[in-house]
């Protein structure tokens, strides 16, 4: 779920929420060919996500959220400049990466990330083109604590 701590253009916020959801859904099945991912992202981020998912698929990995998920994304700041926008967000990631065939857990660490995403208009739609991690904390911490 994506929330905002600041006033955000509703179309931009909706597009960001859809992009976040499409990333999780593609990651859940390691689907590098996800149509939803392609519909919500642009290169260079789209290619990086696809490459990561291809690697996970080759390793037989998938991901899932725990039943008591702490997963959340909060838009802290958004600035629109014509056909591009900058979104600063705080994300709590508690997805578990596991080997689908055996259930063996590969990564179950909870992390909080403060990230900056670049969004661009593609026709009339906002899409996420790039994203960088600004800061990372173990557990639910940092930008998620306030």
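Numbering (our numbering), first residue to last: 57 to 202. Glycine is no exception: its CB is placed at the ideal position from the N, C-alpha and C atoms. Computed from a predicted model, the values in this text were never measured in an experiment.
If the criterion is Cβ atoms closer than 8 Å, does the pair residue i and residue j meet it?
{"i": "residue 185", "j": "residue 93", "result": "no"}
{"i": "residue 200", "j": "residue 168", "result": "yes"}
{"i": "residue 121", "j": "residue 151", "result": "yes"}
{"i": "residue 144", "j": "residue 125", "result": "no"}
{"i": "residue 88", "j": "residue 109", "result": "yes"}
Under a Cβ-count criterion, where at least 16 other Cβ atoms within 10 Å of its own Cβ denotes burial, should residue i be classed as buried or exposed?
{"i": "residue 112", "result": "buried"}
{"i": "residue 165", "result": "exposed"}
{"i": "residue 117", "result": "buried"}
{"i": "residue 79", "result": "buried"}
{"i": "residue 68", "result": "buried"}
{"i": "residue 160", "result": "exposed"}
Am I right that residue i and residue j are in contact with their C-beta atoms under 8 Å? What's the rounded C-beta distance?
{"i": "residue 98", "j": "residue 183", "result": "5 Å"}
{"i": "residue 127", "j": "residue 174", "result": "Actually they are not in contact, since the Cβ atoms of residue 127 and residue 174 sit about 23 Å apart, beyond 8 Å."}
Can you tell me whether residue i sits near the ligand ADP, meaning its C-beta is under 7 Å from at least one heavy atom of the ligand?
{"i": "residue 109", "result": "Of the ligands one can find in the structure shown there are none, so the ligand ADP has no counterpart to examine."}
Could you tell me which whole beta strand (DSSP E) segments of length 3 or greater appear in the stretch 65-120?
Correct list: 117-120.
What ranges does the beta strand (DSSP E) occupy inside the stretch 128-159, keeping only unbroken runs of at least 3 residues that lie completely in it?
Taking only runs of at least 3 residues, the beta strand (DSSP E) segments lying wholly in the stretch 128-159 are 128-137, 140-149, 152-155.
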